[in-house]
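Read through the structure below, which is laid out as structure tokens, and then see the notes.
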Amino acid sequence: MNALDRPIGIAGAGSIGCFVGGMLAAAGRKVALLAR
């Protein structure tokens with residue numbers, strides 16, 4: 001598994017985190033958003 005295959009976790013996904021996570025997901029990356 002190389003660095004591009006690993007999922008990305010975004011903790012405290014507010015508006016900016018959700019935007020960045022959405023852009024990463026649209027680019028084909030695996031993303032997990034964590035909210036409290």
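Residue numbers for the sequence shown follow the numbering used here, beginning at 1 and rising by one. All residues carry an ideal CB built from backbone N, CA and C; glycine is no exception.
Here G9 is exposed, its C-beta having fewer than 16 other C-beta atoms within 10 Å. DSSP places A13 in the coil class of the three-state scheme, outside both helix and strand. By DSSP's assignment, V20 forms no beta bridge with any residue.
Using a 10 angstroms sphere on the CB of A13, the tally of other CB atoms reaches 16 or more, which defines it as buried.
Spatial neighbours of R29 in its own chain (CB-CB distance under 7 Å, excluding positions within 5 residues in sequence) are listed in chain order as I8.
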